[in-house]
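Colleague:
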Amino acid sequence: MSEGTAIEIEICGKVVCLGDYVKVRYTTGTWSKGGTIEGKITELWSIEKDNHLQGRVENGWCFHDHDEILLHNKAFNHDLRKPSASQAG
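Taken in order, the sequence shown gives residues 2 to 90; the numbers are from my numbering.
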């Protein structure tokens, strides 16, 4: 399984970044439709860098562009947007 490499993406009609807190409602899926997940965003995938659009929260669950973000709180520490040494060139 590949790891997401994005720092900030537009997904579900919102611009989110690593460390932001979200509550997301699943809009598709036989068992997950209507269910929600919430937590701090720990991983992001972008079309440009990772070939698909996806976010993961701290409990390990993922969300996709067709889902609905019900709550979005921006991270206070936006230094998370700076690439780490392993992500830099």
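Beta carbons: idealized from backbone N, C-alpha and C, even for Gly.
Just the Cα atoms here: how many angstroms apart are F77 and D51?
Modeller: Within the sequence shown, the letter at position 76 stands for residue 77. Within the sequence shown, the letter at position 50 stands for residue 51. When rounded, the distance between both Cα atoms is 26 Å.
Colleague: Out of K15, E44, G20 and E59, which one is the CA nearest neighbour of S3?
Modeller: Numbered from 1 along the sequence shown, position 2 holds the residue referred to as residue 3. Of K15, E44, G20 and E59, the residue nearest in Cα terms is E44.
Colleague: With distances taken between CB atoms, is the gap from F64 to V25 smaller than 8 Å?
Modeller: Here residue 64 is taken as the residue at index 63 of the sequence shown, counted from 1. Here residue 25 is taken as the residue at index 24 of the sequence shown, counted from 1. Yes.
Colleague: Just mark W32 as buried or exposed, buried being the case when its beta carbon has 16 or more other beta carbons within 10 Å.
Modeller: Taking the first residue of the sequence shown as position 1, residue 32 is located at position 31. The residue is exposed, with fewer than 16 neighbouring Cβ atoms inside 10 Å.
Colleague: Note down the Cα distance separating G20 from E69, rounded to an integer number of angstroms.
Modeller: Numbered from its first residue, the sequence shown carries residue 20 at position 19. Numbered from its first residue, the sequence shown carries residue 69 at position 68. Each residue's alpha carbon lies about 18 Å from the other.
Colleague: Sort out for me which residues DSSP pairs W46 with in a bridge.
Modeller: What you label residue 46 is simply residue 45 of the sequence shown in a count that begins at 1. DSSP output for W46 lists Q55 as bridge partner(s).
Colleague: Under the three-state reduction of DSSP, which class applies to K15: helix, strand or coil?
Modeller: Taking the first residue of the sequence shown as 1, we reach residue 15 at position 14. DSSP places K15 in strand when its eight states are reduced to three.
Colleague: Among residues of its own chain, excluding the 5 on either side of K34, which ones have a beta-carbon nearer than 8 Å to its beta-carbon?
Modeller: Numbered from 1 along the sequence shown, position 33 holds the residue referred to as residue 34. Only Y27 and T28 meet the Cβ criterion.
Colleague: Can you tell me which of G14, V23, I8 and E39 puts its alpha carbon nearest to the alpha carbon of N74?
Modeller: Taking the sequence shown and counting its residues from 1, one reaches residue 74 at position 73. Here the closest residue by C-alpha is V23.
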